Every structure is written in structure tokens, then in C-alpha cells.
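Enquirer:
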Amino acid sequence: MDSDLPGGANYVLRALELFDQYGDREALGSGDHVFTFTELRAAVLDLAGALREHGVRAGMPVAVAAMLPAEGIALQLALHLLGCRVVWVLLGAGSKEQQDYLDVTAPELFIYDPRDEAELGRELAAHLGPVPVLCLGPGGLGPDLLAERPQWTSRPDPTGLAGPNPESVHQTSGTTGRPKALLLTDDCFQQMLVLAESWTPAGNPRLRHLTVTPLWWSAGTVMAMITLGSGGTLFLMHDWEPAEFLRLVERHRINYMFMSPPMFYELLDHPMAGTTDFSSMTMLNVGAAPVAPERLRQSAKLFGPVARIAYGLSECPYVAAYPAVTDDPAHPHRLSSCGTAWGDVRIEIRAEDGAVLGPGEDGEVWVASRLNFAGYVGQPELTAETLVDGWLRTRDIGHLDQDGYLYLVGRTQDSIVTGRGSRLVFARPIEDILSTHPGVRAAAVIGVPDPVLVEVVHAYVVPDGDRTPTLAELRRLVTDQLPEIWAPRSVDFVPNLPLVGIGKVDKRSLRERYATEHAGTPG
Numbered sequence: 094m095d096s097d098l099p100g101g102a103n104y105v106l107r108a109l110e111l112f113d114q115y116g117d118r119e120a121l122g123s124g125d126h127v128f129t130f131t132e133l134r135a136a137v138l139d140l141a142g143a144l145r146e147h148g149v150r151a152g153m154p155v156a157v158a159a160m161l162p163a164e165g166i167a168l169q170l171a172l173h174l175l176g177c178r179v180v181w182v183l184l185g186a187g188s189k190e191q192q193d194y195l196d197v198t199a200p201e202l203f204i205y206d207p208r209d210e211a212e213l214g215r216e217l218a219a220h221l222g223p224v225p226v227l228c229l230g231p232g233g234l235g236p237d238l239l240a241e242r243p244q245w246t247s248r249p250d251p252t253g254l255a256g257p258n259p260e261s262v263h264q265t266s267g268t269t270g271r272p273k274a275l276l277l278t279d280d281c282f283q284q285m286l287v288l289a290e291s292w293t294p295a296g297n298p299r300l301r302h303l304t305v306t307p308l309w310w311s312a313g314t315v316m317a318m319i320t321l322g323s324g325g326t327l328f329l330m331h332d333w334e335p336a337e338f339l340r341l342v343e344r345h346r347i348n349y350m351f352m353s354p355p356m357f358y359e360l361l362d363h364p365m366a367g368t369t370d371f372s373s374m375t376m377l378n379v380g381a382a383p384v385a386p387e388r389l390r391q392s393a394k395l396f397g398p399v400a401r402i403a404y405g406l407s408e409c410p411y412v413a414a415y416p417a418v419t420d421d422p423a424h425p426h427r428l429s430s431c432g433t434a435w436g437d438v439r440i441e442i443r444a445e446d447g448a449v450l451g452p453g454e455d456g457e458v459w460v461a462s463r464l465n466f467a468g469y470v471g472q473p474e475l476t477a478e479t480l481v482d483g484w485l486r487t488r489d490i491g492h493l494d495q496d497g498y499l500y501l502v503g504r505t506q507d508s509i510v511t512g513r514g515s516r517l518v519f520a521r522p523i524e525d526i527l528s529t530h531p532g533v534r535a536a537a538v539i540g541v542p543d544p545v546l547v548e549v550v551h552a553y554v555v556p557d558g559d560r561t562p563t564l565a566e567l568r569r570l571v572t573d574q575l576p577e578i579w580a581p582r583s584v585d586f587v588p589n590l591p592l593v594g595i596g597k598v599d600k601r602s603l604r605e606r607y608a609t610e611h612a613g614t615p616g
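Numbered by my numbering, the letters in the sequence shown go through residues 94 to 616 in order.
Structure representation (C-alpha cells):
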């Protein structure tokens, strides 16, 4: 579907037109306060005016460090209206990673929220040196933008404020190596509004979306724009806690949510899950990492067919979706699927030589979409390797079935080369099988060195309940369904798995842990 926006037009102009149409509908809920679309539109224009008075201009890269304040969405729209490049700082990343990221993106202005990020704000401001600082709230190192309202008798036509080519830069979570700075352009944001304006005409209910995903994740930005652009209400949840989530669902009649698998599992295991009125929920999206099929069965029994598997990556936030997940006897393997292509997405499975593979054949997943990122800032060689003729190389390995359902088996960086024939083994199918054991809460597998077989499978398992399974039991479970070389040769039982970002298992950390704890020990 093509955008109706004129070529080169700033997408925020269309967003503000939509906000004007929606008027007094609820737009944004934070704590006990709910902002209308009229109030949100006014906040965007007020912030844009204040920023312009501080010398902000089109093309300026502006770093932003903020968790999930209500004003954060208005700030992004205001900066984009002026034609700026918003450089989102990944909160929770290491200090060195954050500073390296800022060195690459070279912001000319730094904005932070001292109400939540006072210490980080001071640290990053010191690193940036002479770069001016503004604050989103009181008590910080610079002027408080929220206290500055332009002296307008009436707000100006936003076209007078609009600059060209708004952009955002997002810091990746680093699960596959050193974090990267990826660029989203105006074309990507225009596609978000195209998806928004097609949401309710496609028969979907008006969104009442509860989010715990900050804007510094590209997926958080996409769903915020789709929710608001479609006239839905976006409710902000600042800290994940399953009991509070269930209370908010019941109180606000939430019908849409995105969460990572660890959050999903906490929800399923919470004692309130079976007693809360969950009838408003229509799309409980789970993504960012693979979901154990056994847990999807549990969800269907507890909540009905409301779970929706969502597959995406930082470089293309939404690739495929599988709504209304249930245990379908006619398609028992679909619980391991990511679903079918979503929106304008096209998916191909390709061999190493670029040839397109047929149904059932494993290869690298390639994706084409207007949601694709535009490149890595400061890394032209990596950009050229990743974006090829309009297609994104995801580095994920999988296959499509005859009906277009996508199945992932691992990442190119996550494959295990084992056996005298150097066969490739992938983590996802093994982890799914291990998770079916009643004594396993979660599992992750990695390849570890072996003097004969090159690599063998090692499992990290979080036990569930009083009975910890044995290695022999886990091996039998795997060999009942897969060849013997896929079975874990060894296992470590751990209280939890290390996570990065919004719920991905940190395989790099597990490899480092294995190297430290098993130094000198053959795999």
C-alpha cells in the first residue's frame, strides 16, 4: 500500500492532521492522567516552538535519554517536525557502549529526563563536553523544556515549523556482537502511518494499547505510531510487573500488548492470571525471541486464542505475525512458526549464493519492506552487506512452508558446526524440545569446542519445580525427535538465563560464561 503523503512531505504533518481529526478522544494515558489528541497535538507544537527558540534546526542530530515519559512521544514528533535526527540512547546498555554510540552519531544537542535519568544524564553530558543540554522536566543540567511554553496567542500552522527528512537512530542491543547505530528515515515513518490508517478499515478494533516498550526500541516507535495514527489510546507502563499489568488490563480494558517471552512466562505463572477479567484482550503479542510451544498451549488454555507471535528485528521491527495462536490438530507444527508476512513485507529464503529456496528448505531469511532501516551510521561496508538491492539480510536461518508460514531455526552466528561431516545444528528446535520437559522452565543452547567433533551442543537449563531433570533425560527427549548430534552433550542448571534488550537470551554472555567455567575441559 502506498503512502498518500506528497513526495518529500514531513510525516509529522499528516500525524498532526489525524490528531486534529480525533480531537477529544483519549490519546495517551500515563499514571492517572489521560491526554486527548487535542492536548497531544498542542504539546508537539509547544515543544517544537521551544526547541526552535533554543536554536534547534533541520538536520541537527539530537541525542535523547528518556525511559517512557508521556512527553517522550511529543518530543520525538516535535524534533521530527523540525526535521531533526533523533538519536535514541539505549538505556541499560553499558556506559562504554553508550559513549561509543554517541561518538559515532555525533549529536549536537543532548536532551534527557532528570526525573528518571539524573545520574545517566550527568554522565553522558560530561562525555559530550561542550554539547548543549536541555531537560524534559525539572532538576537537570539544562533548561526545562516542559516549563517553556512559547508566547503564542494562537499556535502557528505546523507547516511553518516543518523541516525536511526527519530521521531516528536506534542503538541495537548487541546480542550478535558490538551494538550498532541503525537509521530510520522519513519513508519508514510514513509507512507506519499507512499501516495506522489501514488498521480499523481492515476490521481491527480501535486499539487500547498498553506498552512497556520505550521509544528507543524501533518496535516501540512503530506500535506507538500505529496506535496514535489509527486513533487508538496508548497507555504507558513504566515498569513491568505482572500483577500491575493484569490490574491495568482490567481497569482500562486493554486489548493490545507486546511483551518478551520472559514477561509472557511470568504472566502465565502468576496466580492472578486465572482470576483477572482478560476478556478485552484481543492481541497479546509475544516477540523479540523464540517462544516455547508448550507455553503457547498454556496461554490458549488460560486466555483463549489471544496470543499473537510477532517476529521482527531492529532493522525491520515487524516482519511476520501469527495471530490467534491455538493448538491446531491439523497443523501441529505451527506453534513453532512466526506466522506469515505482515503489512507490506515480502519474505524470501535464500541459499548462500543468493538463490531463492523452495518450501521446506532452510536458508537465510531476506526481507523487503518500507519498514526496513536505511543503514548503519558510520558503517558503510556493513550496510552494503546487509541491504542488497532493496532487501534486508536478517542473518536468521529458517524456511517457509507451502502456506507461507515462516519457521526460524537459528541465526547464522548461532549455528553449531558439529560432527566429522561438519553438519550445521541450530539452537531453536533443541530449545523448543527441551522446554517441553515438565522440569524445565527455560532453556538455551550454544555450541562449545570439542577436540573431535569441532563443536557439540551445551545446554543451559532453568529448572521448574522441585525436580531437576538429568542430562540423560534431556538427551532422550531430543533424540526422540532429532538426530543424536542435536542432543546436548553437557548441561548447566542455572537459576535464570541472562537477557539483553527486551527479552533476548544473551548467547554471547553464555559463551563467555562457558569459557570461564569450563576452561581446559573438552566439550
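In this text, a Cβ means the ideal position worked out from N, Cα and C, and glycines have one as well.
Bear in mind the structure is a predicted one, so any value in this text is a computation, not a measurement.
#1: Over what stretch of residues does the beta strand (DSSP E) that includes Asp-113 continue unbroken?
#2: Name the two residues that bound the continuous alpha helix (DSSP H) containing Gln-169.
#3: Please determine, among Leu-485, Val-458, Gln-472 and Pro-473, the residue with the shortest C-alpha to C-alpha distance to Gly-497.
#4: Would you mind listing the alpha helix (DSSP H) stretches within the region 542-604 that are 4+ residues and don't spill past its ends, in chain order?
#5: Between Leu-239, Val-481 and Ser-188, which has its C-alpha nearest Asp-206's C-alpha?
#6: For the alpha helix (DSSP H) containing His-220, name the first residue and the last one.
#7: Using 8 Å as the Cβ pair cut-off and three pairs as the minimum, do the region 427-442 and the region 375-392 touch?
#8: Quick one: grab the DSSP three-state call for Val-533.
#9: DSSP three-state label for Met-318, please.
#10: Report buried or exposed for Leu-475, applying the criterion of at least 16 other Cβ atoms within 10 angstroms of its Cβ.
#11: State yes or no: is the C-beta of Pro-324 within less than 8 Å of the C-beta of Tyr-115?
#12: So for Tyr-411, helix, strand or coil by DSSP?
#13: Assign Pro-581 to buried or exposed, taking buried as 16 or more other Cβ atoms, counted over all protein chains shown, within 10 Å of its Cβ.
#14: Specify whether the region 223-237 and the region 190-203 touch according to this definition: at least 3 beta carbon pairs, one from each stretch, less than 8 Å apart.
#15: Is it true that the CB of Gly-142 sits closer than 8 Å to the CB of Pro-243?
#16: Between the Cα of Cys-409 and the Cα atoms of Arg-401, Asn-465, Leu-360 and Leu-138, which residue gives the shortest distance?
#17: Would the beta-carbon of Lys-600 fall within 8 Å of that of Ala-537?
#18: Going by C-alpha to C-alpha distance, which of Ile-578, Arg-534 and Pro-249 sits closest to Ala-559?
#19: Check whether the region 386-398 and the region 430-444 touch, using three or more Cβ-Cβ pairs below 8 Å as the test.
#20: If I measure Cβ to Cβ from Glu-241 and keep anything under 6 Å in the same chain, skipping five residues before and after, which residues do I get?
#21: Would you mind stating whether Gly-232 and Ala-211 have Cβ atoms separated by less than 8 Å?
#22: Do Thr-511 and Val-545 have their CB atoms nearer than 8 Å?
#23: Determine whether the beta carbon atoms of Leu-140 and Leu-168 lie at a separation below 8 Å.
#24: Just the Cα atoms here: how many angstroms apart are Ala-400 and Arg-248?
#25: Less than 8 Å between the C-beta atoms of Leu-121 and Ala-171, yes or no?
Expert: On the basis of the supplied data:
#1: Taking the first residue of the sequence shown as 1, we reach residue 113 at position 20. Run containing Asp-113: none in the beta strand (DSSP E); it sits in the alpha helix (DSSP H), 104-115.
#2: Taking the sequence shown and counting its residues from 1, one reaches residue 169 at position 76. From DSSP, the alpha helix (DSSP H) with Gln-169 extends over 163-174.
#3: As a position in the sequence shown, residue 497 is number 404, starting the count at 1. Minimum Cα distance to Gly-497 is reached at Val-458.
#4: 564-572
#5: The sequence position of residue 206 within the sequence shown is 113, counting from 1. Among Leu-239, Val-481 and Ser-188, the Cα nearest to that of Asp-206 belongs to Leu-239.
#6: Taking the sequence shown and counting its residues from 1, the one referred to as residue 220 is at position 127. Run containing His-220: 207-221, per the alpha helix (DSSP H) assignment.
#7: yes
#8: Within the sequence shown, numbered from 1, the residue matching residue 533 stands at position 440. If DSSP states are grouped into helix, strand and coil, Val-533 belongs with the strands.
#9: By 1-based counting over the sequence shown, the position of residue 318 is 225. Helix, per DSSP.
#10: Locating residue 475 in the sequence shown gives position 382, where the first residue counts as 1. That one is exposed.
#11: For the purposes of this step, residue 324 is taken as the residue at position 231 of the sequence shown. For the purposes of this step, residue 115 is taken as the residue at position 22 of the sequence shown. At residue 324 the sequence reads Gly, which differs from the Pro that was named. It is a contact, given that the beta carbons lie within the stated cut-off.
#12: On the sequence shown, position 318 is the one that residue 411 refers to. The answer is strand: DSSP assigns Tyr-411 an E or B state.
#13: What you label residue 581 is simply residue 488 of the sequence shown in a count that begins at 1. Looking at its Cβ environment, which holds 16 or more other Cβ atoms inside 10 Å, Pro-581 is buried.
#14: yes
#15: Position 150 of the sequence shown, counting from 1, holds the residue named residue 243. Position 49 of the sequence shown, counting from 1, holds the residue named residue 142. Cβ distance < 8 Å, so Pro-243 and Gly-142 count as in contact.
#16: On the sequence shown, residue 409 is found 316 positions in, with the first residue counted as 1. Taking only the C-alpha atoms, the option nearest Cys-409 is Asn-465.
#17: As a first step, residue 600 must be located in the sequence shown, where it is residue number 507. As a first step, residue 537 must be located in the sequence shown, where it is residue number 444. For Lys-600 and Ala-537, yes; Cβs fall inside 8 Å.
#18: Indexing the sequence shown from 1 puts residue 559 at position 466. One point to set straight first is that residue 559 is Asp, not Ala, in the sequence displayed. Among Ile-578, Arg-534 and Pro-249, the Cα nearest to that of Asp-559 is on Arg-534.
#19: no
#20: Start at 1 with the first residue of the sequence shown, and residue 241 comes out as number 148. Closer than 6 Å at the Cβ level, and outside the excluded window around Glu-241, lie Ala-143.
#21: Within the sequence shown, the letter at position 139 stands for residue 232. Within the sequence shown, the letter at position 118 stands for residue 211. Against a cut-off of 8 Å, the Cβ pair of Ala-211 and Gly-232 comes out as a contact.
#22: Residue 511 sits at position 418 when you count from the first residue of the sequence shown. Residue 545 sits at position 452 when you count from the first residue of the sequence shown. Not a contact, by the Cβ cut-off of 8 Å.
#23: Stepping through the sequence shown from its first residue, residue 140 is reached at position 47. Stepping through the sequence shown from its first residue, residue 168 is reached at position 75. Yes, Cβ-Cβ distance for Leu-140 and Leu-168 is below 8 Å.
#24: Within the sequence shown, residue 400 is the residue found at index 307, counting from 1. Within the sequence shown, residue 248 is the residue found at index 155, counting from 1. If you take the alpha carbons of Ala-400 and Arg-248, they lie about 43 Å apart.
#25: The count along the sequence shown starts at 1 and reaches residue 121 at position 28. The count along the sequence shown starts at 1 and reaches residue 171 at position 78. Against a cut-off of 8 Å, the Cβ pair of Ala-171 and Leu-121 comes out as no contact.
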